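Before any comments, here is the structure.
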Amino acid sequence: MRITCPYCGERDRREFYYRGAATDLDRPAPDAGEEAWENFVFLRENPAGVTRDLWYHEGGCGAWVVVTRNTVTHEVLETRLASEARS
Amino acid sequence: MRIKGKGLIDRSRSIPFMFDGVRYSGFEGDTLASALLANGVRLMGRSFKYHRPRGVLTAGSEEPNALVTVGSGASQEPNVRATVQEIYAGLEACSQNRWPSLNFDLLAANDLAAPFLGAGFYYKTFMWPKSFWEKVYEPIIRRAAGLGALSGQDNVDKYERAWAFCDLLVIGAGPAGLMAALVAGRAGADVILADEGSRMGGRLLAETYEIDGKPGHVWVDEVQAELEAMDNVRLMTRTSVAGVYDQGTYAALERVHHHDGRHPHGAPLETFWRIVAKRSVLAAGALERPVAFRDNDRPGIMTAGAVRAYLNRWGVSAGKNVTVFGNTDDIHRTARDLLAAGVHVAAVIDSRHDAPLSDDYPVLRGAQVCGSSGRKGLEAITVRRPSGEERIQTDCLAMTGGWNPSVHLTCHMNGRPTWRRDIAAFVPTPGAVPGMVPAGACNGSFSTAACLREGIAAAGEALADLGVKLPEVAVPEAEDTPYEIAQLWAVPGKGRAWLDFQNDVTVKDVKQAAVENFRSVEHMKRYTTQGMATDQGKNSNVAALAVLADATGRGISETGTTTFRPPYAPVSIAAIAAGAEGRGFRPQRFTTSHKASVARGAPMIEAGLWYRPSYFPKPGETTWRQSCDREVRMVREAVGVCDVSTLGKIDIQGPDAGAFLDFVYTNMFSTLKVGRVRYGLMLREDGYVMDDGTTARLGQHHYLMTTTTAAAGDVMKHLEFVHQGLRPELDVCFASVTEQWAQFAVAGPKSRDLLNGLLEKPLSDEEWPFMACGPVKVLGVEGRLFRISFSGEHAYEIAVPARYGASLFDILAERAEALGGGPYGMEALNVLRIEKGHITHAEIHGRTTAFDIGMGRMVSQKKDCIGKTMSERPGLEEEGREQLVGLKPVGESKQLLAGAHLYNEGAEPTRVNDQGYVTSVCYSPTLGHMIGLGFLADGPERHGETVKMVDGLRGVTTLCKVVDPVFFDPEGGRVRG
Amino acid sequence: MRFSGLRVLKEGLTGNKGWTPHWRDPEPRPEYDIVIIGGGGHGLSTAYYLAKEHGLTNVAVLEKGYIGGGNVGRNTTIVRANYFLQGNSEFYSHSLKLWEGLEEDLNYNVMHSQRGIINLFHSDGQRDAAARRGNMMISQGDDAILLSRDELRKMLPYLNYDDLRFPIYGGLYHPRGGTARHDAVAWGYARGADQRGVDLIQNCEVTGIDIKNGAVRGVQTTRGPIRARKVAMVVAGRSSQVAAMAGMRLPIESHVLQAFVTEGLKPVIDHVVTFGMGHFYISQSDKGGLVFGGDLDFYASYAARGNLPTVENVMEAGMALMPMIGKARVLRSWGGIMDMSPDGSPIIDRTHIDGLYLNCGWNYGGFKAVPGSGHVFAHLIATDRHHENATKFRLDRFRTGRGVMDEEGKGSQHNLH
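Dropping the structure here:
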């Protein structure tokens, strides 16, 4: 598997650390309530298809990258810096 | 039988080798199988279940029968295909899965019991009595099963892993692959051409075809010479592309030195390649399939293509009196090749009623072979014709049921092949692997001309969107005969007709599976083990599928296939893992004091990837405890020195550094004064403790964070995530400086005395109070000093650039010794911290909260931080949680054990009564008894209570008093004094 | 038909003509008392125990492919009860006891082989953690033995004791642990359920769950609608998709776990051995193949196939630990889809919809749980009360923080368990 780091270009998957769904970027306000927080920390859309998830270029530049990807085919559709990708 | 003048072997070089202890000789270029056939050896193996005598079936890596063990001792290699292994002087091969010998195998008795050992028999029996499964049945089955044996010795051979990158990977160097590589190479693309054979050419080496009027192998040599001359083309023989992975990543195994048995200095036996290719052309050819008929597994019965390969490539006739059977024109080609070589062809049995006739050999049209005889080698076949059955004497039957395109690699990314009725075969489904274009026989195009044409076209298609323009190339002249086939899978009749030769799966087994409702192809496979042998069903799956389709009244395409999974051909574990043996498994990290510690006799122990000294033995000390106790007393009474460089150090700078730290720590850091250090607690977003450590404020916009050794990498990732992902607006940046700084704890009442000689200015409590930090000059070197303490003593940590670490450690250790102290190791460090109730990852093991470790109040109520909201979930701070306590033995037993569980004094030690567990224990030389830390339900409220520690594993029960986790100097006077 | 050695003998002597289907292929009826979505190991065992323990036989198991086609048919076949947290401990203990009587119960040889499992440890800290685990196993009434390095040397002489990067300190031995023939477990339960009247419906994909007034009414399938008062979702690997039909969002992320088998070899590894430092576990099948695996590929995936970095990591661990397996050749690799939960432990619970039940989140420990999971899930469906050995697998534990069972201590990042 190859992933394109926005800074470094296409690299092997083994240079990256995987965290999980990119919804981790959408941190609720402290007082958003139990449901919003459960949703944020534990529940997942977990699609069989296109998803956005977070990868860290640990063996490279240290960028957190949002990868738009298909979980069924492993096709990588787009990569963006997490710092610029917050929804 | 060797045929004069035939074959691509070097007859000037005779090579001796051994098989089952008998000395034979072959020629340079022979495989073990061709050389044995040339020597008249037909029996080469035994089948898996019934131990039926077997000969070679094929001439390639798909061989199911002729599996042998090569070599002995640590280099012994089981399950080597005799059809792939090239001979070399000194080669020693043995047959396997037989006892006492290949010729006389006692387990062949299984064959007599075959009626009771059919598909799935073991699911229906061996159940009584219950205890017999592990004691009797399973050991017998295990011993009878298996093929070859591992030596049981550690690997001694060298293997390598490598990377390669290219524009175009061409898989297979037959006519299609060679043409694809040639045109791509001429166009200037970076090309890798890989073929599993020992030389390029594929079927062109096995057939008598001509290309552009030249013998096929001559054309191959010319193309190869042109490719070799190109800098942009890499030719890889003996290289099997084993797997297809995402985004154009391919795994390939190169057999570097199996063929010559030599181990030249530094050269590996095998190399495991990771090839990253922008595009690929699959030119993997096709594999011939046998026909199932009664007793079709006798040595001497082989695929027609294999018979031609042995004849044309190796100059060996597989028999003296050959019969040919099948359903395509290939059988006639086989007969012609044999006749041309002077071999007698007894009959050609063509299942097609409209088969062509010949003047040169008898053709039996519309006939089928329905049986064979010959105990350990074929003697005769029985042929069924409309007119009746007929017995024909023969020592070799060349059979074909048609060809299966090698679609395997196109299925590795879940592609399903498409059934083509006209050629009775599965072909790749377009787009099955992104960027891969199939060409030639693997694409269902079997004529030489079609292969050449498709090779060119495939290279063009693959490279088109890379912007590579192909030169005009004329398609070489070659045969273009159409492929005409009449489906023929299994000849009806009594007896056992083999499908999966190695696993002994017969047509009856598949039919029985269908009767028992194992009708799904996956069910049939799993129930009968069809296709689960070392060839992964390459020889048998399609025929088995056809039999199942017939038995269930469905079509083949409706029945579907099982999934081909990587690897295409088996790959040794040693190759994929090359370099990871022993210490190569993970990197080793060494501190700057490593050598000095070793020189002082300290046993070094693993701490994550680091090595740290366990203790520093002194003359006269015979146990670790003696050294450890001394080192603890040394720190408590004089001064000790300990390398703490393995702790993670993260340099944090920027105007928003303080605000950032407030967000990742539970407590405040923006309010920390410059020149001060604070202990910080970090939570995960789910509210549990992630890590702890001290962070120093070195300047207005400059902090230095320390993490635990274990969590250094995780904390770095975490900080970057929180910054880039959650708070990108904060102006702050991070750099790991763990390896840039060597840092030493100098701890004990005499620590200040020790340091005073090294620093520019003497230390004072006024300038350097507890938790102060700042720059210092250490013997003229710019360093940093932190007045912090893990031991609970008056202590400092002193840091210098790593290049000065080794010399500073020596100086500190010597000075400490002069003051009655010395270096101390991990054991003493651990005792010192337990005495003070300081936690490590034994306590913050990912399931504990700030509340559990008594630090609930450290979660600031004035601000938000990572983990704060979730740490307030009811279950994380309510009654009944196991919380940190100290434990002191009070009963007869004085022993504490980490990992033991806690119970109320009078309770039975059963799970339902469990009250907690012990995390850290030590003998405290300071207090004169064992002490422990642990977690106990509602622990802080139970100080003074007696609980029972039970360690069922080690048979220890100890009554303990629950106490405050800080055993020593609870007021903290020493650290400030 | 009852299976026995005598029957095999009799059939063998009469041409094996008398064998009958192991289960029927009935047409789906328009209505059942209970519909179970998912014909994997857990779904089949649930159906079996509903029929056997609760007399509920008006039950259908709906399977979109073929029964036993999910993870029960693609795993490393390990059976154990060596958990150390409350909730898990009693459950897996319960499951292991069911395994121990499974062959007689099902009249099907699932080849449950209690060959023993050894978890190696490589530091003092890991020994302490192993001891905590072993002590919990003993207090639960299961078996655990702490082996020293010297004892291990006698038992597993082929490990690398001399220059392993992380030296072997010892091992936690669980003698009752072992393996089983995975497919046979699915088939045995299928046959048992079928014999008791349960309808196993293959090639029947559920496309919708009918809910009215907060209560389940039935399901829509590719073979037509089916009414039911109770519907159970047991579809690890597809849990999020099926739950979404009921409007639910689960604490599940799907990940790929690869496993490997080598060519057949004569017996060389007699136990199940696990190497925590390399996330590696291995045993040898009765057929002779070394069966082994490692960690996840770590990225969310439904592809049921993995990539090379994990392949290489697994082999590296194997070679580091037991350098004698180097010349064994990997014959086949495959990937399964794991329901990863935020604490590494499963969910067996009712849902907020009346009559809709959920069984998911098995991470990569589902195989050994097949008997236990079906048994306690059947109890929940039949009685609407949690079985005494499965009281903690609550769906709301993440919201409340009560009873989180995080054996790995990795927290809410799903792929770290």
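Protein chains in written order, with the UniProt record's numbering: chain H, 1 to 87; chain A, 1 to 977; chain Y, 1 to 417. Note that CB positions come from ideal geometry on N, CA and C, so glycine has one too. Since the model is a prediction, treat every value here as computed from it, not as a measurement.
{"Asked": "Smallest Cα separation from Leu147 of chain A: which of Y:Pro342, Y:Asp286, Y:Trp23?", "Found": "Y:Asp286"}
{"Asked": "Which chain Y residues sit within Cβ distance under 9 Å of His74 of chain H?", "Found": "Tyr299, Ser301, Ala303, Arg305, Asn307"}
{"Asked": "Going by DSSP, what residue range makes up the alpha helix (DSSP H) through Glu11 of chain Y?", "Found": "5 to 13"}
{"Asked": "For Ala696 of chain A, which residues from the same chain have a beta carbon less than 7 Å from its beta carbon, with the 5 sequence-adjacent residues on both sides left out?", "Found": "Val677, Tyr703, Leu704, Cys773, Phe786"}
{"Asked": "Taking the beta strand (DSSP E) that residue 449 of chain Y belongs to, which residues open and close that run?", "Found": "Missing from the structure shown is residue 449 of chain Y; chain Y here goes from 1 to 417 and no further."}
{"Asked": "Using a Cβ-Cβ distance cut-off of 8 Å, determine whether Pro346 of chain Y contacts chain H.", "Found": "no"}
{"Asked": "For the alpha helix (DSSP H) holding Ala306 of chain A, just list the boundary residues, first then last.", "Found": "304 to 312"}
{"Asked": "Per DSSP, Ser123 of chain Y forms a beta bridge with which residues?", "Found": "In DSSP, Ser123 of chain Y forms no bridge with anything."}
{"Asked": "Under 8 Å by Cβ, that's how I've got Leu876 of chain A and Phe851 of chain A pegged, so tell me the actual separation to the nearest angstrom.", "Found": "7 Å"}
{"Asked": "Can you round the beta-carbon distance between Ala513 of chain A and Tyr527 of chain A to whole angstroms, since I take them to be within the 8 Å contact cut?", "Found": "5 Å"}
{"Asked": "Once the 5 residues before and after Ala89 of chain A are set aside, which same chain residues still bring their CB inside 7 Å of it?", "Found": "Ile15, Pro16"}
{"Asked": "On the DSSP bridge assignment, give the partners of Val273 of chain A in chain order.", "Found": "Before going on, a small fix: residue 273 of chain A reads as Trp here, not Val. Answer by DSSP bridge pairing, in chain order: A:Ala162, A:Ala252."}
{"Asked": "Using a C-beta to C-beta distance shorter than 9 Å, which residues of chain A count as neighbours of Leu159 of chain Y?", "Found": "What Leu159 of chain Y touches in chain A: nothing, since even the nearest Cβ is about 10 Å away."}
{"Asked": "Taking beta-carbon pairs under 7 Å, can you tell me which members of the segment 662 to 695 of chain A lie near chain H?", "Found": "Glu685, Asp686"}
{"Asked": "For a contact defined as C-beta to C-beta under 7 Å, what are the partners of Ala51 of chain Y on chain A?", "Found": "Chain A residues near Ala51 of chain Y: none, gap ~19 Å exceeds 7 Å."}
{"Asked": "Could you name the residues of chain H that Lys717 of chain A contacts, counting a contact when the two beta carbons are closer than 7 Å?", "Found": "Tyr17, Tyr56, Glu58"}
{"Asked": "Using the Cα positions of Leu395 of chain Y and Arg44 of chain H, report the straight-line distance between them to the nearest angstrom.", "Found": "14 Å"}
{"Asked": "Can the beta-carbon of Ile117 of chain Y be found less than 8 Å from the beta-carbon of His182 of chain Y?", "Found": "no"}
{"Asked": "For Val950 of chain A, report the span of its alpha helix (DSSP H) as first-last.", "Found": "Note, Val950 of chain A: premise wrong, no alpha helix (DSSP H); beta strand (DSSP E) at 946 to 951."}
{"Asked": "Per DSSP, which one or two residues make a beta bridge with Val746 of chain A?", "Found": "A:Val641, A:Tyr796"}
{"Asked": "Could you compute how far the alpha carbon of Thr738 of chain A sits from the alpha carbon of Gly675 of chain A?", "Found": "20 Å"}
{"Asked": "Asp246 of chain A versus chain H: which residues are under 9 Å apart at the beta carbon?", "Found": "Met1, Arg2, Arg13, Thr73, His74, Glu75, Val76"}
{"Asked": "With DSSP as the reference, identify every bridge partner of Ser148 of chain Y, one or two as the case may be.", "Found": "Y:Gly170"}
{"Asked": "Using a Cβ-Cβ distance under 8 Å, would Arg154 of chain Y count as near chain A?", "Found": "Arg is not the amino acid found at residue 154 of chain Y; the sequence shown has Lys there. So no, Lys154 of chain Y is outside the interface."}
{"Asked": "Under the three-state reduction of DSSP, which class applies to Val912 of chain A: helix, strand or coil?", "Found": "helix"}
{"Asked": "In angstroms with no decimal places, state the Cα-to-Cα distance between Ala602 of chain A and Leu159 of chain Y.", "Found": "26 Å"}
{"Asked": "Using a Cβ cut-off of 8 Å, pull out every chain A residue sitting near Thr400 of chain Y, in sequence order please.", "Found": "Arg873, Pro874, Gly875"}
{"Asked": "Straight-line CA distance for Ser520 of chain A to Thr262 of chain Y?", "Found": "25 Å"}
{"Asked": "Who are the Cβ neighbours of Asp111 of chain A in its own chain at under 8 Å, not counting the five residues just before and after it?", "Found": "Tyr50, His51, Arg52"}
{"Asked": "Could you tell me the alpha carbon to alpha carbon distance between Arg911 of chain A and Gly495 of chain A, rounded to whole angstroms?", "Found": "60 Å"}
{"Asked": "On the premise that Gly934 of chain A lies in contact with Leu902 of chain A, defined as a C-beta separation below 8 Å, what is that separation, rounded to the nearest angstrom?", "Found": "6 Å"}
{"Asked": "Is it buried or exposed for Val639 of chain A, if we count other Cβ within 10 angstroms and need 16 for buried?", "Found": "buried"}
{"Asked": "Are any of the Cβ atoms in chain A nearer than 8 Å to that of Trp23 of chain Y?", "Found": "yes"}
{"Asked": "Quick check on Tyr7 of chain H: buried or exposed, where buried means 16 or more other Cβ atoms within 10 Å of its Cβ?", "Found": "exposed"}
{"Asked": "Taking the beta carbon of Lys6 of chain A as the centre, do at least 16 other beta carbons fall within 10 Å, making it buried, or is it exposed?", "Found": "buried"}
{"Asked": "Would you kindly report the start and end of the unbroken beta strand (DSSP E) that includes His74 of chain H?", "Found": "Per DSSP, His74 of chain H belongs to no beta strand (DSSP E) and is neither H nor E."}
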